[in-house]
Amino acid sequence: MALACAPGAHADPEPPPGAPVPTAEQVAAILNQLTDPNVADTDKAKLVDGGLSPDELGQNDQGLAKLVRHHALPFTFTVTDIRPAINDLAGVTAALT
């Protein structure tokens with residue numbers, strides 16, 4: 002399972018009935034890995050559909066380093082409103098505290 006960002010606003014076709022969706026725990030686990038400074042960049046890149054560029058990984062590392070300095074990690078994610086989408090994707094609402 003990988004995360005993907007939704008493209009710009011437009012009407013997506015309806016997903017097939019009964020399309021599989023991840024659990025809230027699965028989505029939260031991916032988000033936790035992406036925000037864990039101890040997870041290798043190569044592993045983080047595999048979690049995102051289409052991967053992450055070196056620039057994106059560098060920005061992520063810089064942001065995480067700042068959060069570590071401010072004792073703001075780990076985050077707690079609350080995942081709700083999981084719904085199927087086309088192409089074996091799913092939409093979720095994720096809140097971070």
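Take the position in the sequence shown, starting the count at 1, then add 1; the result is the number in the working numbering.
Beta carbons are placed, not taken as given, at the ideal position from N, Cα and C, and that holds for glycine.
Rounded C-alpha distance that separates residue i from residue j
i: P16; j: T43; result: 31 angstroms
i: H71; j: L65; result: 10 angstroms
i: Q27; j: D50; result: 15 angstroms
i: A91; j: K67; result: 31 angstroms
i: L48; j: N33; result: 11 angstroms
Selected residue, minimal CA-CA separation from residue i, among the options
i: Q63; options: T36, P21, A95 and T98; result: T36
i: A20; options: I87, A29, P38 and D50; result: I87
i: P23; options: L97, A96, T98 and D89; result: D89
i: N39; options: P18, T81, A96 and V69; result: V69
i: P18; options: R84, V80, Q60 and G52; result: R84
For residue i, three-class secondary structure by DSSP
i: P85; result: strand
i: L35; result: helix
i: V22; result: coil
i: G59; result: helix
i: L65; result: helix
i: V28; result: helix
i: T98; result: coil
i: A102; result: Summary: the structure shown does not reach residue 102, with the chain confined to residues 2 through 98, and so no result is reported for it.
Beta bridge counterpart(s) of residue i as assigned by DSSP
i: F76; result: In DSSP, F76 forms no bridge with anything.
The ligand HEM heavy atom lying under 7 angstroms from the CB of residue i
i: L48; result: The model depicted lacks the ligand HEM and carries no ligand whatsoever.
Using a Cβ distance threshold of 8 angstroms, determine whether the region 43-58 contacts the region 73-80, with at least three qualifying pairs required.
Judged by pairs of C-beta atoms under 8 angstroms, the region 43-58 does not touch the region 73-80, as fewer than three such pairs exist.
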